[in-house]
Amino acid sequence: MTALLLSAFVLLMAIGMPVALVMGAASLAALLWGGSNLPTIIVPQSLLRGIDSFPLMAVPLFILAADLMTAGRLTDALMKHANLLVGHLRGGLGYVNVLTSMLFAGISGSALADAAGPGKIVMDMMRGAGYPAYYAGALTATTATIGPIIPPSIIMVIYAVTDNSVTVAGLFLAGVVPGVLLGVALALVNYVISVRQGYQSATQRPPVLDVLRSFFPAVPGLMMPIIILGGILGGIFTATEAAAVAVFYALIVSLFLTRQLQWRDVPGVFLRSGILTSAVLLIVSMATVFSRLLTVLQVPQNLARWLAGLTEDRIVIMILLAVFILLVGLVVDTLPAVIILVPVLAPVAAQFGIDPLQFAMMLVLNLAIGMVTPPIGPVLFVICTVGKLRLERLSRAVVPLLLAELVVLALVIAFPAISLTVPGWFGLTR
Amino acid sequence: MTVLRLLERAFVLLNQGLVMLMMMTMATLVFTNVVTRYAFGFSLNWAEEMSRYLMIWVAYLGAGLAMREGRHVAIEYLQGLLPERLAPYARAVVALLILAFMVTLAVLGVQIAQLAWRQRTPVLGLPQGAVYLAIPIGAGLFVVHFLIVLRDYLRQKPNAVDVEDLVAHAGIAEHER
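Residue numbers (our numbering), protein chains in the order written: chain H, 4 to 433; chain Z, 7 to 183.
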């Protein structure tokens with residue numbers, strides 16, 4: 004039955020069935036023809052159980068808050084400020100690219116969508132300013148995948164719902180240092196490449212007054228993470244409540260303070276977020292069925308036993324798991340991969356004494372790297388399509404950035420403190 | 007023809023209206039609960055349960071709309087490698103599998119809704135089966151939407167993702183495009 008489940012999954016994915024439906028259909032096929040006596044009724048049962056969760060509601064609310072921020076031009080103001088701040092440096096737009104992805108990426112929950120949407124805009128900006136198309140494409144592909152590490156991210160919310168040994172607050176805090184390390188690593192590569200290739204800055208250094216003036220419109224947008232993280236960490240509200248507060252904060256600011264959002268546009272924003280919510284939650288729902296079957300079939304136990312037969316060393320186990328996760332990340336988008344892999348691998352990791360928060364950072368970072376690993380990382384295809392680029396050349400251009408990410412991954416694996424120190428301050432580690 | 011068009015338009019608008027209202031109600035309920043807890047020292051139990059069920063309904067009622075707009079990400083790389091003549095046939099196979107799965111899901115959904123109809127939800131005391139109904143109704147709507155856009159789906163060029171649409175949905179303001 005396990006063989007049927009996994010081969011149906013691979014086959015349906017390969018022929019281009021929507022990812023959400025692949026997981027449901029493969030599970031159904033395994034139940035119908037896998038020769039087990041499990042009833043098919045567990046499909047709709049798990050579908051509902053997978054999304055019947057109050058903590059999970061942070062996901063649609065974060066999506067809504069982000070959509071309102073964009074509609075109210077709070078996001079625009081932030082981007083403009085980032086541009087004035089670092090745009091005049093050598094390779095400046097590269098830094099803008101890294102900074103904006105750190106601020107906004109990961110809201111859609113799909114690295115693919117981030118690459119095609121916000122990613123494309125920064126890529127076009129870079130190309131318009133004279134950066135080589137392949138460098139702009141490679142940098143955008145890489146930065147599109149780092150969002151999930153950096154709080155607040157909906158991937159982390161879903162992770163916490165999937166694995167009961169961690170909390171949303173714990174994951175958010177654990178992501179701070181690895182997220183900053185990633186940003187710094189990518190910015191460093193951007194610096195080195197810009198100096199070597201002699202990229203010019205896009206603009207003159209703006210007067211200090213202009214930079215200051217652009218700061219004030221950016222304040223409402225900058226308040227957003229403060230409200231969310233501060234609220235959660237201060238114990239004022241849960242992640243879901245924080246997300247709801249963020250929604251109404253964005254709504255009120257955009258309607259009355261910046262006045263960039265009209266009342267008549269509000270229903271459209273809610274509808275758009277509703278449809279995106281549906282796409283995301285359908286994946287969560289369907290993946291729950293799939294991962295429940297994996298658990299019933301004792302895949303985690305078998306995997307743990309097999310690994311234990313190989314080695315006892317914690318670092319070696321981590322590296323083996325990392326390679327496996329990377330392989331999955333090569334073909335599966337971050338969100339479904341989290342829901343499928345976490346119930347299978349988190350117990351294994353815990354059994355070998357790996358801290359759940361450190362494991363979470365390793366897993367999410369790994370999936371991000373898988374998305375841009377040549378020659379089949381899915382985000383590379385998206386960038387090729389939106390940027391009309393050739394895969395071979397983009398694959399070569401992405402290598403230095405990928406190496407930087409791998410260094411950060413190695414650090415996260417080698418030093419638990421990178422993931423655990425900040426949550427430790429708040430008493431959120433074991 | 008025009009009557010069909012009108013019917014389709016009405017169907018889509020109705021579906022969209024429902025998803026939008028449910029999203030609004032859900033967000034408002036959660037927010038209200040935060041406010042009442044801090045301002046008046048109590049929270050509404052039923053609001054928590056209600057908002058959870060609304061989220062489930064949004065997830066399933068929006069599925070068809072998401073399909074129509076190409077929001078369900080698929081990896082269509084291998085389809086793209088096929089000769090242009092063959093691609094529509096490959097897509098027809100995928101479309102058949104999608105339809106078969108969603109129809110089965112609708113049937114299973116009705117079955118579980120019947121089974122669970124007598125169970126009551128903890129706070130509101132609604133039939134648990136009514137919550138489950140989101141699945142068959144959502145799957146049914148999905149099938150209708152998909153049949154309406156089937157012709158376009160088959161003709162569409164295979165891509166890693168439907169790019170234009172993702173851009174439109176990533177919430178990018180018009181002037182930036």
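Where a beta carbon is used, it is the ideal one built from N, C-alpha and C, also for glycine.
Because the structure is a prediction, the values reported are computed rather than measured.
Residue environment, residue 93 of chain Z, which counts as buried when at least 16 other CB atoms sit within 10 Å: On the second sequence, position 87 is the one that residue 93 of chain Z refers to. Buried, by the Cβ-count rule.
Contacts around residue 84 of chain H, its chain only, beta-carbon distance under 7 angstroms, and the 5 residues preceding and following it disregarded: Translated into positions along the first sequence, residue 84 of chain H becomes position 81. Once the five neighbours on either side are set aside, the close Cβ partners of residue 84 of chain H are 217, 218, 221.
Beta-bridge partners of residue 80 of chain Z, as assigned by DSSP: For the purposes of this step, residue 80 of chain Z is taken as residue 74 along the second sequence, with counting starting at 1. Beta-bridge pairing links residue 80 of chain Z to H/21.
Chain H contacts from the region 7 to 23 of chain Z (Cβ-Cβ distance under 9 angstroms): Answer in chain order: 22, 23.
Unbroken alpha helix (DSSP H) run spanning residue 286 of chain H, endpoints: For this step, residue 286 of chain H is matched to residue 283 along the first sequence. From DSSP, the alpha helix (DSSP H) with residue 286 of chain H extends over 269 to 299.
Closest residue to residue 68 of chain Z among Z/157, Z/142, Z/156, Z/40 (Cα-Cα distance): Here the question's residue 68 of chain Z lines up with position 62 in the second sequence. Its Cα nearest to that of residue 68 of chain Z, the residue Z/142 stands out among Z/157, Z/142, Z/156, Z/40.
Proximal residues, the region 289 to 311 of chain H versus chain Z, C-beta separation under 9 angstroms: Here the close residues number zero.
Residue 152 of chain Z: contacting residues in chain H (beta-carbon distance under 7 angstroms): Position 146 of the second sequence holds residue 152 of chain Z. Neighbours of residue 152 of chain Z on chain H: none; closest Cβ ~11 angstroms, over 7 angstroms.
Residue range of the alpha helix (DSSP H) that includes residue 86 of chain H: Here the question's residue 86 of chain H lines up with position 83 in the first sequence. That run of the alpha helix (DSSP H) goes 77 to 89.
Residue 425 of chain H and residue 245 of chain H closer than 9 angstroms at C-beta: What you label residue 425 of chain H is simply residue 422 of the first sequence in a count that begins at 1. What you label residue 245 of chain H is simply residue 242 of the first sequence in a count that begins at 1. No, Cβ-Cβ distance for residue 425 of chain H and residue 245 of chain H is not below 9 angstroms.
Residue 247 of chain H: first and last residue of the uninterrupted alpha helix (DSSP H) it sits in: Taking the first residue of the first sequence as 1, we reach residue 247 of chain H at position 244. Unbroken alpha helix (DSSP H) run through residue 247 of chain H: 242 to 255.
Beta-carbon separation (whole angstroms), residue 401 of chain H vs residue 145 of chain H, contact threshold 8 angstroms: Here residue 401 of chain H is taken as the residue at index 398 of the first sequence, counted from 1. Here residue 145 of chain H is taken as the residue at index 142 of the first sequence, counted from 1. Beta-carbon to beta-carbon, residue 401 of chain H and residue 145 of chain H are separated by about 6 angstroms, close enough to satisfy the 8 angstroms threshold.
Rounded C-alpha distance that separates residue 416 of chain H from residue 348 of chain H: Within the first sequence, numbered from 1, the residue matching residue 416 of chain H stands at position 413. Within the first sequence, numbered from 1, the residue matching residue 348 of chain H stands at position 345. Across the structure, residue 416 of chain H and residue 348 of chain H are spaced so that their CA atoms are roughly 15 angstroms apart.
Beta-carbon neighbours of residue 141 of chain Z, restricted to chain H and to distances below 8 angstroms: Sequence index remark: in the second sequence, residue 141 of chain Z carries index 135 (1-based). Ordered by position in chain H, the residues that pass the 8 angstroms Cβ test against residue 141 of chain Z are 47, 50, 51.
Coarse secondary structure for residue 126 of chain Z, derived from DSSP in three states: Locating residue 126 of chain Z in the second sequence gives position 120, counting from the first residue. The answer is strand: DSSP assigns residue 126 of chain Z an E or B state.
Rounded C-alpha distance that separates residue 100 of chain Z from residue 92 of chain H: Mapped onto the second sequence, residue 100 of chain Z falls at position 94. Mapped onto the first sequence, residue 92 of chain H falls at position 89. Approximately 49 angstroms between the Cα atoms of the pair.
Candidates Z/29, Z/84, Z/49, Z/88: closest to residue 61 of chain Z by CA position: As a first step, residue 61 of chain Z is located in the second sequence; it is residue number 55 there, counting from the start. Taking only the C-alpha atoms, the option nearest residue 61 of chain Z is Z/29.
Any C-beta of chain Z under 9 angstroms from that of residue 18 of chain H: On the first sequence, residue 18 of chain H is found 15 positions in, with the first residue counted as 1. Closer than 9 angstroms to some Cβ of chain Z, the Cβ of residue 18 of chain H qualifies, so yes.
Segment contact, 8 angstroms Cβ cut-off, at least three pairs: the region 229 to 245 of chain H with the region 38 to 50 of chain H: A contact is defined here as three or more CB-CB pairs under 8 angstroms, and the region 229 to 245 of chain H fails this definition with respect to the region 38 to 50 of chain H.
Chain Z contact for residue 21 of chain H (CB, 9 angstroms cutoff): Taking the first sequence and counting its residues from 1, the one referred to as residue 21 of chain H is at position 18. Yes, residue 21 of chain H lies at the interface with chain Z (some Cβ there is under 9 angstroms from its Cβ).
Contact with chain H by residue 45 of chain Z, beta-carbon distance below 9 angstroms: Within the second sequence, numbered from 1, the residue matching residue 45 of chain Z stands at position 39. Output row for residue 45 of chain Z: interface = no.
Residue 391 of chain H - containing alpha helix (DSSP H), residue span: Walking along the first sequence from the start, residue 391 of chain H turns up at place 388. Here residue 391 of chain H belongs to no alpha helix (DSSP H), and DSSP marks it neither H nor E.
Selected residue, minimal CA-CA separation from residue 132 of chain Z, among Z/23, Z/18, Z/59: Here residue 132 of chain Z refers to the residue found at position 126 of the second sequence. For the residues Z/23, Z/18, Z/59, the minimum Cα distance to residue 132 of chain Z belongs to Z/59.
Contact with chain Z by residue 90 of chain H, beta-carbon distance below 9 angstroms: For the purposes of this step, residue 90 of chain H is identified with residue 87 of the first sequence, where counting begins at 1. Chain Z, which has no Cβ nearer than 9 angstroms to the Cβ of residue 90 of chain H, makes this no.
Cβ-based neighbour list, residue 252 of chain H, same chain, cut-off 7 angstroms, excluding 5 preceding and 5 following: Against the first sequence, residue 252 of chain H aligns to sequence position 249. Taken in chain order, the residues that qualify are 230.
Chain Z contact for residue 424 of chain H (CB, 9 angstroms cutoff): By one-based count along the first sequence, residue 424 of chain H stands at place 421. In terms of beta-carbon proximity, residue 424 of chain H stays away from the interface with chain Z, with every pair separated by 9 angstroms or more.
Residues bridged to residue 133 of chain Z [DSSP beta-bridge criterion]: Your numbering for residue 133 of chain Z matches position 127 in the second sequence. Assignment of beta-bridge partners to residue 133 of chain Z by DSSP yields Z/126.
Host alpha helix (DSSP H) of residue 9 of chain Z (start-end): Stepping through the second sequence from its first residue, residue 9 of chain Z is reached at position 3. It spans 8 to 46 - the alpha helix (DSSP H) in which residue 9 of chain Z sits, taken as one unbroken run.
Close beta carbons around residue 16 of chain Z, own chain, < 7 angstroms, minus the five adjacent residues each side: Taking the second sequence and counting its residues from 1, the one referred to as residue 16 of chain Z is at position 10. Nothing meets the Cβ criterion.
Beta carbon proximity, residue 54 of chain H to chain Z, threshold 9 angstroms: As a position in the first sequence, residue 54 of chain H is number 51, starting the count at 1. Chain Z contact via Cβ: present.
Contacting residues, own chain, Cβ-Cβ under 6 angstroms from residue 122 of chain H (five flanking each side not counted): To locate residue 122 of chain H, count along the first sequence from 1; it is residue 119. Contacts found: 143, 147.
Three-way DSSP call (helix, strand, coil) for residue 237 of chain H in this model: Counting from one through the first sequence, the residue named residue 237 of chain H turns up at place 234. DSSP places residue 237 of chain H in the coil class of the three-state scheme, outside both helix and strand.
C-beta neighbour in chain H for residue 37 of chain Z, strict 9 angstroms: In the second sequence, counting from the first residue as 1, residue 37 of chain Z sits at position 31. Flagged as an interface residue toward chain H: residue 37 of chain Z, by a C-beta distance shorter than 9 angstroms.
Start-to-end residues for the alpha helix (DSSP H) that takes in residue 51 of chain Z: Taking the second sequence and counting its residues from 1, one reaches residue 51 of chain Z at position 45. Where residue 51 of chain Z is concerned, the enclosing alpha helix (DSSP H) stretches over 51 to 67.
Beta-carbon gap between residue 169 of chain H and residue 407 of chain H smaller than 9 angstroms: Locating residue 169 of chain H in the first sequence gives position 166, counting from the first residue. Locating residue 407 of chain H in the first sequence gives position 404, counting from the first residue. Against a cut-off of 9 angstroms, the Cβ pair of residue 407 of chain H and residue 169 of chain H comes out as no contact.
Reference residue 311 of chain H; option with closest CA among H/295, H/277, H/355, H/350: Within the first sequence, the letter at position 308 stands for residue 311 of chain H. When the alpha-carbon of residue 311 of chain H is set against those of H/295, H/277, H/355, H/350, the nearest one is in H/355.
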